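Adding 2 to a residue's 1-based position in the sequence shown gives its number in the working numbering. Encoded as structure tokens, the structure appears first; notes follow it.
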Amino acid sequence: MTKTSSMASDVPNQDPEISPKSPTAAKPLWRRILPLVVLVLGLVIAWASGVLDLLSFDTLRENRDVLQSYVAENPAVSVLVFSAVYMFSVALSLPIGAILTISGGFMFGAWFGTAYVVIAATLGAVIIYLAARYAFYDLMHAKAGTAIRKMEEGFAENAFSYLMVLRLIPIFPFWLVNLVPALLGVKLRSFIFGTMLGIIPGTFVFASIGDGLGALFDQGKTPDLGIIFEPRILTPIIGLAVLALLPVAYKKLRKAKNGGSFDE
């Protein structure tokens, strides 16, 4: 009896959506918040330097030939530089995702542009996720206690589905959806795949706009970023979000049915 109980107590928690608590609570506060401090410092430097003002459709129009020639002559370097810029822009939570995605389509075409953006954006989101988790997860749980555990249980039961919906339909800012899963203890694997798959449709829309940017420039026009909210674009994306929620609905229905039959 004692041996069996001992073996049962040694079995780790196999919850697929919640990762175990990290041992960061014992580390000094300054070491835990250092990654976030570096990110915030980078954000301040980016704003203060004025580099964000260079990212505009006017800049793309004026440097169109130079940019396209460089990409044609240095394809590998162009991909690496673009991906690094995109990754760090996401990690620093800079509000330039739309124009960078359009630039990716402009430089590499709709399909390759989408692929590069999805990979870079996911890596940038992971940087924020890890920094926030390392800095605040244990501290937040120590202060909030039961309230956070209830939120964890509700979100983490279907973390992948919820992340897919939040990525497909940008109800909340991208940076916020990077932080909340980290604080709720969502597993890194679920975060990565939920982010990667969820941003593909919207990314492809903007990369496709970039792919046709040259034709718009020839007509003296600039893209309408509000196209993502047009019914012909938004309706299929909402449809995908509904599909992503089907597993959640199925689990709730099955749970309700099992509970009802048990009561009977």
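Note that beta-carbon positions come from the ideal geometry of N, C-alpha and C, so glycine has one too. Note that this is a predicted model, so its numbers are computed, not measured.
Straight-line gap, residue i to residue j (C-alpha atoms, nearest Å)
i	j	result
I35	A258	43 Å
I240	L255	22 Å
A78	E155	44 Å
A1	S163	Since the first residue shown for the chain is 3 and the last is 266, residue 1 is missing from the structure and cannot be characterised.
V188	R135	10 Å
T224	F208	13 Å
P238	R33	45 Å
E159	L185	15 Å
I211	I104	6 Å
L56	L69	14 Å
E75	N65	15 Å
G228	N260	45 Å
P175	V182	11 Å
L190	Q221	45 Å
L54	K253	45 Å
V39	P97	19 Å
F231	G52	30 Å
Other residues of its chain near residue i: CB distance less than 7 Å, five sequence neighbours each side excluded
i	result
A93	L41, G126, I129 and I130
N180	A127, I130 and Y131
T197	T124, A127, L165 and R169
V119	Y88, T103, G106, T205 and A209
Y72	S80
F138	L185
R63	F219
A48	L54, L94 and L96
I171	I239, I240 and A243
Pick from the options that is closest to residue i, judged by C-alpha positions
i	options	result
R100	L165, S58 and E64	One detail in the question is off: residue 100 reads as Ala in this sequence, not Arg. Selected option, being the one with the closest Cα: S58.
G115	L82, A133 and I47	L82
A112	G214, L247 and L45	G214
L242	A117, A50 and I202	I202
F110	S85, I98 and P97	S85
D67	G52, G216, E232 and S51	G216
S192	F157, L248, V46 and D60	F157
Close-in-space but distant-in-sequence residues of the same chain around residue i (CB under 6 Å, 5 per side omitted)
i	result
S24	Reliability fails at S24, whose pLDDT of 49 lies under 50, so the model's placement of it is uncertain and the value that follows must be treated cautiously. Taken in chain order, the list of residues that qualify is empty.
S95	W177
Chain-order list of residues whose beta-carbon lies under 8 Å from that of residue i (same chain, five-residue window excluded)
i	result
F195	F162
L199	M166 and R169
Q) In chain order, which alpha helix (DSSP H) runs of at least 4 residues are fully inside the region 76–129? A) You should have 77–93 and 99–110.
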